[in-house]
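In the UniProt record's numbering, the protein residues as written are 1 to 155.
Here you go:
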């Protein structure tokens, strides 16, 4: 997990945990909520003080939310397409691509042309290659010859 994801999960947990004890205290004392059954918090406030109770509740809630956020990140499927290492992929230049027909050709850096179909282009939405674009791709052989697969733009 990268540091940005961890920082985001921590920030979300803090923003949710810090105001919660105040809101809970307010809801319990206004009498306008079904939470009146949890009146045992009065003893907690009387015995240990408001500051200690606030710190305990917000710390516990922070830990619960942080673990929930992190586990949600770890357990959720990632939408990244299976990607071959860039080192194993070839590079080339788009010779031409007809958007209406959905296919074109890529000139390999090693020489020769390879057929490319729009389904082989990575990404979502309208898939289009422009003449002269540099691309990464793998080459496979089908009954009609060489075909580019897993095509992505060189950045």
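Beta carbons: idealized from backbone N, C-alpha and C, even for Gly.
Would DSSP call residue 89 helix, strand or coil?
Correct three-state label for residue 89: coil.
Report yes if the CB atom of residue 107 is closer than 8 Å to the CB atom of residue 136, and no otherwise.
No, the Cβ-Cβ distance between residue 107 and residue 136 is not below 8 Å.
Quick test of the definition: if touching needs 3 or more C-beta pairs under 8 Å, does the segment 63-76 touch the segment 101-116?
As far as the Cβ criterion goes, the segment 63-76 does not touch the segment 101-116, which means the pair count is below three.
Between the beta-carbon of residue 123 and the beta-carbon of residue 93, is there less than 8 Å?
Against a cut-off of 8 Å, the Cβ pair of residue 93 and residue 123 comes out as no contact.
Give me whichever residues DSSP pairs with residue 138 in a beta bridge.
149.
Would you call the CB atoms of residue 102 and residue 129 closer than 8 Å?
For residue 102 and residue 129, no; Cβs fall outside 8 Å.
First and last residue of the alpha helix (DSSP H) that includes residue 118?
Per DSSP, residue 118 belongs to no alpha helix (DSSP H) and is neither H nor E.
What is the DSSP secondary structure of residue 4, counted as helix, strand or coil?
For residue 4, the secondary structure class from DSSP, reduced to helix, strand or coil, is helix.
Give the straight-line distance between the Cα atoms of residue 98 and residue 121, rounded to the nearest whole angstrom.
If I take the Cα positions, the gap works out to 13 Å.
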